[in-house]
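Written out below as structure tokens is the structure these notes cover.
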Amino acid sequence: MDIQAGLKELSNQPLTHRLLAGLLKNYKRPNDKILSLKADGLIEPVKKGLYIAGRSLGVYFAESGEEPLSAKEVATYGIIPI
18 MDIQAGLKEL
28 SNQPLTHRLL
38 AGLLKNYKRP
48 NDKILSLKAD
58 GLIEPVKKGL
68 YIAGRSLGVY
78 FAESGEEPLS
88 AKEVATYGII
98 PI
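The opening residue of the sequence shown carries number 18 in our numbering; numbering runs sequentially from there.
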């Protein structure tokens with residue numbers, strides 16, 4: 018499975034480090050790949066070990082048609098305390 022396709026499939030939930038490591042189990046260094054995904058904007062960190070799908074995936078919520086919240090918006094509105 019392509020990594021981007023896997024991330025799109027899981028984009029409706031918070032992405033934990035363990036979940037991402039499972040998705041990247043075929044990599045020798047999954048932590049380096051997670052850093053690469055953050056740098057490419059495919060995932061955005063919310064807090065240590067917790068991520069959300071990045072805007073560059075082009076994923077939208079089906080219910081509202083809006084883009085997912087960024088990590089900054091999540092922290093600003095107090096959805097997940099940092």
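Ideal Cβ placement from N, Cα and C applies to all residues, glycine included. Note that the structure is a prediction, hence the values are computed from the model and not measured.
Original post:
To the nearest angstrom, how far is it from the Cα of residue 51 to the Cα of residue 30?
Top reply: 17 angstroms
**OP:** Quick one: using the 10 Å Cβ neighbour count with 16 as the cut-off for buried, is residue 61 buried or exposed?
**Re:** buried
Original post:
Can you list, in chain order, the stretches of the alpha helix (DSSP H) that have 4 or more residues and sit fully within the segment 19-68?
Top reply: 20-26, 34-40 and 47-57
Original post:
Which residues share a DSSP beta bridge with residue 70?
Top reply: 60
Original post:
Just how far apart, CA to CA, sit residue 91 and residue 33?
Top reply: 16 angstroms
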